[in-house]
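J.:
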Amino acid sequence: MVQITFTVPEAVRDLAVNAARERGVSLDEFLCKCVATSVGYDRASDPLFAGLQVWEGDAPSDLSENHDDYLYGDKEL
Numbered sequence: 000m001v002q003i004t005f006t007v008p009e010a011v012r013d014l015a016v017n018a019a020r021e022r023g024v025s026l027d028e029f030l031c032k033c034v035a036t037s038v039g040y041d042r043a044s045d046p047l048f049a050g051l052q053v054w055e056g057d058a059p060s061d062l063s064e065n066h067d068d069y070l071y072g073d074k075e076l
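Under numbering that gives the first Met the number 0, think of the first position of the sequence shown as 0, with each following residue one higher.
#1: From what residue to what residue does the alpha helix (DSSP H) around Val34 run?
#2: Count the other CB atoms, across all protein chains shown, that sit within 10 Å of the CB of Phe5; report buried if there are 16 or more and exposed otherwise.
#3: Beta-carbon separation of Leu26 and Ala43 under 8 angstroms?
#4: Could you tell me the alpha carbon to alpha carbon distance between Tyr69 and Arg22, rounded to whole angstroms?
#5: Hey, how far is the Cα of Val24 from the Cα of Cys31?
#6: Along the alpha helix (DSSP H) that carries Glu21, what are the first and last residues, could you check?
Next up, the structure:
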């Protein structure tokens, strides 16, 4: 995750705070979902969530430490 800072009118902030509260989520989570929806982000296309399967074979000893390299980089299982 990365942090993004931006300015909105106070009325927009108040509406967002109320909408997040109504949904039982944090303001950060609410805004993240709003942006993701607006730009067409599909979580299923992220290799982390695509084709979720239980791994039953051997795994590299550094998998937990270097999982990003295996998911997004050049390392292969």
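Positions of the beta carbon are idealized from the N, C-alpha and C atoms, including for glycine.
T.: Looking at the coordinates:
#1: Numbered from 1 along the sequence shown, position 35 holds the residue referred to as residue 34. First-last of the alpha helix (DSSP H) with Val34: 26-38.
#2: Position 6 of the sequence shown, counted from the first residue, corresponds to residue 5. Exposed is the call here.
#3: To locate residue 26, count along the sequence shown from 1; it is residue 27. To locate residue 43, count along the sequence shown from 1; it is residue 44. Not in contact: Leu26 and Ala43 (Cβ atoms no closer than 8 angstroms).
#4: In the sequence shown, residue 69 corresponds to position 70, counting from 1. In the sequence shown, residue 22 corresponds to position 23, counting from 1. Between Tyr69 and Arg22, the C-alpha separation is close to 35 angstroms.
#5: Position 25 of the sequence shown, counted from the first residue, corresponds to residue 24. Position 32 of the sequence shown, counted from the first residue, corresponds to residue 31. Roughly 11 angstroms separates the two Cα atoms.
#6: Locating residue 21 in the sequence shown gives position 22, where the first residue counts as 1. Unbroken alpha helix (DSSP H) run through Glu21: 9-22.
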